[in-house]
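Quick note: the sequence shown uses this note's numbering, first residue 5, plus one each step.
Virtual Cβ for every residue (Gly too), placed ideally from N, Cα, C.
Note that the coordinates shown come from a computational prediction; the quantities given were computed from them, not determined experimentally.
Report on one structure; see the data block that follows.
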Amino acid sequence: MPTTTLKSDNGWPASKDPAEIGIKSYAVKGTKIKLRCAEKVAPLLTEFAAEFHATIEPIDEGTLDDWGYCFRMVRGREDRLSNHSSGTAIDLNASKHQLGAENTFTPEKTLAVLALAAKYGLKSGITYKLRKDPMHFEVCLTPKQAKERITALGLEQ
Ligand SMILES: [Zn+2]
């Protein structure tokens, strides 16, 4: 078994081999969407997506443009591994909230999205300074913090 040395931008183990870092496919409650994420953060990402679907906007209407794990570099930054490479990031409603687009959510929805992301220990691409990525949400917790947050939210499997 190879030892993982690669890390994505947020410090989580990344690999081209999804099995090596515990990537599985998880259904998002209340939708027909499945997201591929790392086991250790799956409750945070999938529960966030379910609540986003229920309270912000539906994620399974029209094009299915919602993704999780994907081994790749940060777009335009070929020296950094995207957090999708560790299965700790998801994109929701990508066609509506495209990379680089600003104000794709109303001001009220923006506040609600940020609050929801914070609840699950996620960082929203809306907050990126140089280039907004409003479809994007990523774990900004250490493995220990992620475990604690899952417990605090009562999301243990
Ligand atoms: Zn993304």
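Exposure of residue i, with buried meaning 16 or more beta-carbon neighbours within 10 Å
i	result
S29	exposed
E51	buried
E160	exposed
T92	buried
L115	exposed
C41	buried
P47	buried
R153	buried
S99	exposed
DSSP three-state assignment for residue i, whether helix, strand or coil
i	result
R135	coil
E65	coil
S29	strand
R153	helix
L48	helix
L85	strand
K11	strand
Bridge partner(s) assigned by DSSP for residue i
i	result
F141	I94, S128
L39	Y30
V78	R81
W16	Bridge partners of W16: none, in fact.
Backbone CA spacing between residue i and residue j [nearest angstrom]
i	j	result
L103	D95	10 Å
L10	G158	31 Å
E61	A23	32 Å
P17	L134	25 Å
E82	E65	33 Å
F56	G34	11 Å
A119	P138	14 Å
A54	D70	12 Å
K151	G80	32 Å
T59	V32	14 Å
S89	K136	19 Å
Near ligand 2: residue i beta-carbon under 6 Å from a heavy atom
i	result
H140	Although ligand 2 was asked about, the structure shown includes only ligand 1 as ligands.
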